[in-house]
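Colleague: One line per chain: the protein sequences are A and B, in this order.
Those letters in the first sequence? Residues 62 to 258, by the working numbering.
Those letters in the second sequence? Residues 62 to 258, by the working numbering.
Next up is a structure, given as structure tokens.
Protein chains: 2
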Amino acid sequence: MRANKGERLRAAAVQMAYEQGLERLTLANVAAAAEMPLGSLYYYFKTRDDVAEAVATDLSGQFLDRKADWDAAGSPAAALKGFARMSIALEGQLARYGCPVGTLLAQTGKLAEPTETRAGQVLVELTGWAATQFAALGLAKDAAQAEARRMLRGLEGAAMMAHATGDTLHVREAVTEIEARIDALAPEQAEISGEDA
Amino acid sequence: MRANKGERLRAAAVQMAYEQGLERLTLANVAAAAEMPLGSLYYYFKTRDDVAEAVATDLSGQFLDRKADWDAAGSPAAALKGFARMSIALEGQLARYGCPVGTLLAQTGKLAEPTETRAGQVLVELTGWAATQFAALGLAKDAAQAEARRMLRGLEGAAMMAHATGDTLHVREAVTEIEARIDALAPEQAEISGEDA
DNA sequence: GTCTATATGTGGATAGAC
DNA sequence: GTCTATCCACATATAGAC
Chain A
62 MRANKGERLR
72 AAAVQMAYEQ
82 GLERLTLANV
92 AAAAEMPLGS
102 LYYYFKTRDD
112 VAEAVATDLS
122 GQFLDRKADW
132 DAAGSPAAAL
142 KGFARMSIAL
152 EGQLARYGCP
162 VGTLLAQTGK
172 LAEPTETRAG
182 QVLVELTGWA
192 ATQFAALGLA
202 KDAAQAEARR
212 MLRGLEGAAM
222 MAHATGDTLH
232 VREAVTEIEA
242 RIDALAPEQA
252 EISGEDA
Chain B
62 MRANKGERLR
72 AAAVQMAYEQ
82 GLERLTLANV
92 AAAAEMPLGS
102 LYYYFKTRDD
112 VAEAVATDLS
122 GQFLDRKADW
132 DAAGSPAAAL
142 KGFARMSIAL
152 EGQLARYGCP
162 VGTLLAQTGK
172 LAEPTETRAG
182 QVLVELTGWA
192 ATQFAALGLA
202 KDAAQAEARR
212 MLRGLEGAAM
222 MAHATGDTLH
232 VREAVTEIEA
242 RIDALAPEQA
252 EISGEDA
């Protein structure tokens with residue numbers, strides 16, 4: 062838990078941005094959460110935008126870095142399921158705060174072009190990754206991309222509705238649907254891709 | 062276009078909240094957009110929260126009030142399709158700014174319980190309405206609710222992804238999927254529920 | 001590197017003339 | 001009802017001692 066001050070600030074900012082939204086995050090609160098005076102924060106971040114940038118970068122990494130883990134699952138079907146199940150693991154947080162990427166997009170996307178925001182790029186990149194997996198499962202390029210779009214829509218929609226209703230059922234239903242479609246595409250691998258540690 | 066000042070203020074606030082987000086909406090800007098000095102705004106709204114409240118109420122009404130129109134479509138299948146096609150009509154806005162309800166939820170849901178926000182309630186209410194329609198289509202209560210949840214997830218997910226990618230294709234794909242499921246449930250009504258004026 | 005004190009700017013809100 | 005002028009709180013950011 063012990064970490065240098067810069068790291069403590071970054072972690073506090075990410076947490077607060079997710080819980081209360083990036084807009085109402087104040088530097089004084091971030092510093093307080095990291096247990097240091099406001100002045101110290103400015104040694105690590107020149108401006109508030111730098112803090113917001115760090116939050117977006119951290120968030121992007123949290124998702125994009127896992128692609129390697131999913132890829133290591135052994136088969137495209139298992140990789141895709143690993144991706145989908147991440148939502149299950151996070152379902153409590155999704156119901157309480159919404160999808161971290163989606164809610165950040167809802168905030169930052171109101172300004173710049175959504176596709177130029179980190180959050181938008183994460184969703185685009187994850188869609189591309191999923192499309193590659195579906196293609197490896199035997200789908201033609203167009204079909205694989207359509208299937209990837211369907212998957213991301215399902216996961217994002219589930220997070221949104223879980224947030225709206227407070228019911229994690231939405232997440233489980235969406236993931237069950239996705240898994241069924243993966244199994245339908247790769248029936249011979251349906252048993253191989255079981256639970257991962 | 063001519064309207065009394067209170068109405069002009071409300072309209073300006075709704076527009077600005079949707080385009081730039083509720084958080085960065087300033088009363089000075091709202092007043093300026095409605096072409097009047099800041100002081101005048103306070104005759105119509107006591108506090109900033111009152112303005113935010115008016116925005117949420119207006120937004121809720123925009124969606125909930127249409128239920129009557131869809132109901133008037135003649136059949137449950139047509140009603141559901143009318144609902145789904147609203148997203149098509151709005152696809153440009155969805156891609157640019159995201160779902161008005163969803164993005165508002167992402168902002169207000171960070172504070173109070175999401176289910177207690179207007180945005181959250183709208184999604185819950187629309188889900189209930191859709192479930193009633195699916196039940197009228199012959200589905201058992203549980204199945205109808207599940208189908209309604211699937212529909213709302215699809216629409217919200219599509220809006221989110223369209224916003225992230227800037228591509229309205231997501232909306233059209235999602236609606237096509239939904240229509241296909243409705244037709245599968247009510248094949249004898251598939252032709253009746255054509256285009257509406 | 002770390003902290004205190006403070007400058008600066010902005011936005012919500014009020015007072016009071018008209 | 002409408003507007004001008006202003007107050008006040010708060011958040012970003014800087015200056016400078018230690």
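Backbone N, C-alpha and C fix where the C-beta goes; we use that ideal spot for every residue, glycine too.
None of these values were measured; they are calculated from a predicted model.
Y158/A: which of K66/A, Q76/A, R71/A sits nearest, CA to CA?
Modeller: Taking the first sequence and counting its residues from 1, the one referred to as residue 158/A is at position 97. The shortest Cα separation from Y158/A among K66/A, Q76/A, R71/A belongs to Q76/A.
Colleague: Between which two residues does the alpha helix (DSSP H) containing T237/A stretch?
Modeller: Counting from 1 along the first sequence, the entry for residue 237/A is found at position 176. First-last of the alpha helix (DSSP H) with T237/A: 230 to 246.
Colleague: Grab me the residues of M97/B's own chain with a C-beta within less than 7 angstroms of its C-beta, minus the 5 sequence neighbours each way, in chain order.
Modeller: Locating residue 97/B in the second sequence gives position 36, counting from the first residue. Result list for M97/B: K66, in chain order.
Colleague: Tell me which residues of the region 131 to 165 of chain A have at least one Cβ-Cβ distance to chain B shorter than 9 angstroms, keeping chain order.
Modeller: Within the region 131 to 165 of chain A, the residues whose Cβ lies closer than 9 angstroms to some Cβ of chain B are A156, R157, Y158, G159, C160, V162, G163, T164, L165, listed in chain order.
Colleague: List, in chain order, every chain A residue whose beta-carbon is nearer than 9 angstroms to that of K202/B.
Modeller: Translated into positions along the second sequence, residue 202/B becomes position 141. Residues of chain A passing the Cβ test: none, with the nearest at roughly 15 angstroms.
Colleague: Considering Cα atoms alone, identify which of Y103/B, N90/B, Q81/B, A140/B is closest to C160/B.
Modeller: Counting from one through the second sequence, the residue named residue 160/B turns up at place 99. Of Y103/B, N90/B, Q81/B, A140/B, the residue nearest in Cα terms is Q81/B.
Colleague: Would you report the Cα separation of A258/A and V232/A, rounded to the nearest angstrom?
Modeller: Walking along the first sequence from the start, residue 258/A turns up at place 197. Walking along the first sequence from the start, residue 232/A turns up at place 171. Here the model assigns A258/A a pLDDT of 43, short of 50, so the residue's position is not dependable, and the following value carries that caveat. One C-alpha to the other measures close to 20 angstroms.
Colleague: Please confirm whether G153/B and T229/B have their CB atoms less than 8 angstroms apart.
Modeller: Start at 1 with the first residue of the second sequence, and residue 153/B comes out as number 92. Start at 1 with the first residue of the second sequence, and residue 229/B comes out as number 168. Taking 8 angstroms as the Cβ cut-off, G153/B and T229/B qualify as a contacting pair.
Colleague: May I ask you to list, following chain order, the residues of the region 211 to 237 of chain A that have a beta carbon less than 8 angstroms from some beta carbon of chain B?
Modeller: Correct list: R211, L213, R214, G215, L216, E217, G218, A219, M221, M222, H224, A225, T226, G227, L230, H231, E234, A235.
Colleague: Using the beta-carbon of each residue, which ones in chain B are nearer than 8 angstroms to T176/A?
Modeller: As a working mapping, residue 176/A is identified with position 115 in the first sequence. The answer, in chain order, is A225, T226, G227.
Colleague: Taking DSSP as the reference, what is the three-state secondary structure of K171/B?
Modeller: Position 110 of the second sequence holds residue 171/B. K171/B falls in the coil class under three-state DSSP.
Colleague: If you check the beta carbons only, do L141/A and S148/A fall under 8 angstroms apart?
Modeller: Numbered from 1 along the first sequence, position 80 holds the residue referred to as residue 141/A. Numbered from 1 along the first sequence, position 87 holds the residue referred to as residue 148/A. Cβ distance not < 8 angstroms, so L141/A and S148/A don't count as in contact.
Colleague: Kindly indicate if chain B contains any beta-carbon less than 8 angstroms away from that of V185/A.
Modeller: By one-based count along the first sequence, residue 185/A stands at place 124. Yes - at least one Cβ of chain B is within 8 angstroms of the one on V185/A.
Colleague: State yes or no: is the beta carbon of K128/B nearer than 8 angstroms to at least one beta carbon in chain A?
Modeller: In the second sequence, counting from the first residue as 1, residue 128/B sits at position 67. Judged by the 8 angstroms Cβ criterion, K128/B is not in contact with chain A.
Colleague: What does A89/A touch in chain B if you count any residue whose Cβ is under 7 angstroms from its own?
Modeller: Your numbering for residue 89/A matches position 28 in the first sequence. None at all; the shortest Cβ gap to chain B is about 17 angstroms.
Colleague: What does the Cβ neighbour count give for T108/B, buried or exposed, with the cut at 16 atoms within 10 Å?
Modeller: What you label residue 108/B is simply residue 47 of the second sequence in a count that begins at 1. Burial call: exposed.
Colleague: As a quick exercise: from D110/B, A94/B, W131/B, pick the residue whose alpha carbon is nearest that of W190/B.
Modeller: Here residue 190/B refers to the residue found at position 129 when the second sequence is read from its first residue. If we check each option's Cα against that of W190/B, W131/B comes out closest.
Colleague: On the three-state DSSP scale, how would you describe T176/B?
Modeller: Here residue 176/B is taken as the residue at index 115 of the second sequence, counted from 1. The answer is helix: DSSP assigns T176/B an H, G or I state.
Colleague: At a Cβ cut of 7 angstroms, what residues of the region 92 to 120 of chain A count as close to chain B, listed as they run along the chain?
Modeller: If the cut-off is 7 angstroms between Cβ atoms, the region 92 to 120 of chain A has nothing near chain B.
Colleague: By a C-beta neighbour count over all protein chains shown, 10 Å radius and 16 as the cutoff for buried, is Y103/B buried or exposed?
Modeller: For this step, residue 103/B is matched to residue 42 along the second sequence. Exposed, because fewer than 16 other Cβ atoms sit within 10 Å of the Cβ of Y103/B.
Colleague: Buried or exposed: P137/A, going by 16 or more other Cβ atoms within 10 Å of its Cβ?
Modeller: Looking up residue 137/A in the first sequence gives position 76. Buried.
Colleague: Where does the unbroken alpha helix (DSSP H) through A74/B begin, and where does it stop?
Modeller: Taking the second sequence and counting its residues from 1, one reaches residue 74/B at position 13. It spans 66 to 81 - the alpha helix (DSSP H) in which A74/B sits, taken as one unbroken run.
Colleague: Under a Cβ-count criterion, where at least 16 other Cβ atoms within 10 Å of its own Cβ denotes burial, should K202/A be classed as buried or exposed?
Modeller: Sequence index remark: in the first sequence, residue 202/A carries index 141 (1-based). Result: exposed.
Colleague: Taking Cβ positions, are A235/A and G218/A nearer each other than 8 angstroms?
Modeller: Numbered from its first residue, the first sequence carries residue 235/A at position 174. Numbered from its first residue, the first sequence carries residue 218/A at position 157. Their beta carbons are under 8 angstroms apart, which means A235/A touches G218/A by this criterion.
Colleague: In chain A, what lies closer than 7 angstroms to R85/B by C-beta?
Modeller: As a working note, residue 85/B is residue 24 in the second sequence. Here the neighbours are E84.
Colleague: Consider the C-beta atom of A180/A and the heavy atoms of the ligand GDP; say whether any pair is separated by less than 7 angstroms.
Modeller: With respect to the ligand GDP, the structure shown offers nothing to examine, as it has no ligands at all.
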